[in-house]
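Right, one structure below, let's go through it.
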Amino acid sequence: MAARLGQADLAACLCRVLQGEEKDPRDPAQGGADMSDVLIIGAGMAGIACARVLHGAGVSVRLIDKGRGIGGRMATRRVMLHAGELRLDHGAQYLPVGPETEAIAAAAPDAVARWDPGDGRARIVGHGGMVEVPRALATGLDVAQGVQATGVHEDGAGWRVDTDLGAQGAARVVLTVPAPQIAALVGARHVFARAVNGVAMLPCLTLIAAFPRCAPAPFVARRDPARPLSWIARDDSKPGRSAAARTWIAQANPDWSAAHFDADRDAMKARMCDMLCVEIGADPATALHLALHGWRYAQTAVALGRPFLRDGTMWAGGDWTGGAKAVDAWRSGEAMARDILDTGSAG
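7 is the number of the first residue of the sequence shown in my numbering; add one for each residue after it.
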């Protein structure tokens, strides 16, 4: 059963919770006798990959995620303009063609499409938005959104996961959060915290911009790591996107992002818009919509070098184990699931 509710449904349900008429569907502690054997913290690509393998093997598994949506950096922003709704990918831009991507596409065929950014090399994108890929892959999984894990502690023969909505007991725990956030969950002295000390992750500032359809469109996508805006892509060129506006995604390189990450966001939004307009020949004054999103842990500069960490009946993994892409997260998640099954730790 998927524990995903719309905002209106959730608000109504929480009113009934406060009146004592109903249990909170987001609360992991409400599992009662139907406790999951494996609890996964994080419903990004690593968590979903791990859960799919375990679920397919008959293991009771639940994912919790602090966000309102699933998929991690496989993210799509919805913007409503007078001309219609826009969907813009402000996180991962595509999946590179390869064995893992082909497996992902085969598992969610209706959610993916091929996109050629102009260099003759096709990529895989979500049809209608990158978030559609993890949404399709998570179909049938038990996912609780809006649940913030605050600590993981050994509790008898299993684990206690503290959340902002109460504690959850689990026999096995899988962490798929960014490496720098692991110590806050398990403690600075835990073996996991020491193991990820050498992992380095880099930030990314992303500008979301919409212009009138008549605005210039000199290219589909351009990558140049030496420029402050190292990736610029015309998002409306992707399959399943609205023709209501000319939409662009501009992502700053790690150095520029790090130098300006904590600066005033409105000032950075205006500055990045000016930089984008120089590249595409547009007038900043004609922008229909501008937004800025900061990914603090967007890329992996120094990876762990192995697919996951394990300490007894607790695992940790993600894209930071082997690279910086969504396929690295997927590979790590599947590896953790296989290890759980191969060692008989799934009960």
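Glycine residues also receive a C-beta, built at the ideal position from the N, C-alpha and C atoms.
Keep in mind the model is a prediction, meaning the values are calculated, not measured.
Quiz item: Candidates D242, V153 and L211: which alpha carbon is nearest A265's?
Solution: L211
Quiz item: Do the segment 212 to 232 and the segment 181 to 198 meet, that is, are 3 or more Cβ pairs less than 8 Å apart?
Solution: no
Quiz item: Going by alpha carbons, who is nearest to A144 out of R129, G50 and F198?
Solution: G50
Quiz item: Roughly how many angstroms separate the alpha carbons of R247 and H133, rounded to a whole number?
Solution: Going by the C-alpha atoms only, they are around 8 Å apart.
Practice problem: Quick one: grab the DSSP three-state call for Q151. | Solution: strand
Quiz item: How long is the line joining the alpha carbons of D270 and A177, rounded to whole angstroms?
Solution: 44 Å
Quiz item: Can you tell which of L94, Q174 and P123 has the C-alpha that lies nearest to the C-alpha of G135?
Solution: L94
Quiz item: So which of I47, G175 and A55 has the shortest CA-CA distance to R344?
Solution: A55
Self-check item: Completely contained alpha helix (DSSP H) runs for the segment 82 to 115, where each covers 4 or more residues
Solution: 105 to 113
Quiz prompt | Close beta carbons around A111, own chain, < 7 Å, minus the five adjacent residues each side | solution = V118 and I130
Practice problem: Measuring alpha carbon to alpha carbon, tell me which of R252, S263 and P245 ends up nearest S4. | Solution: Because the chain is modelled from 7 through 353, residue 4 falls outside the range shown and cannot be assessed.
Quiz item: Would you report the Cα separation of G157 and R219, rounded to the nearest angstrom?
Solution: In this structure, the straight-line span from the alpha carbon of G157 to that of R219 is close to 48 Å.
Quiz item: Under the three-state reduction of DSSP, which class applies to G75: helix, strand or coil?
Solution: coil
Exercise. Evaluate R4 with the Cβ neighbour count: other Cβ atoms within 10 Å of its Cβ, from every protein chain shown; 16 or more gives buried, anything less gives exposed.
Key: Absent from the structure is residue 4, since the part of the chain shown begins at 7 and ends at 353.
Quiz item: From G155 to M320, what does the alpha carbon distance come to, in whole angstroms?
Solution: Note on residue identity: the sequence assigns Ala, not Gly, to residue 155. About 15 Å.
Practice problem: May I ask which residues mark the beginning and end of the beta strand (DSSP E) holding V295? | Solution: Checking the displayed sequence, the identity of residue 295 turns out to be His instead of Val. Taken as a continuous stretch (DSSP letters only), the beta strand (DSSP E) holding H295 covers H295 to V308.
Quiz item: Among residues of its own chain, excluding the 5 on either side of D325, which ones have a beta-carbon nearer than 8 Å to its beta-carbon?
Solution: M51, A52, T306, K331, A332, D334, A335 and S338
Quiz item: Can you find a CB in chain C that lies within less than 8 Å of the CB of A322?
Solution: The chain labelled as chain C is not found in the depicted structure, where only one protein chain is given.
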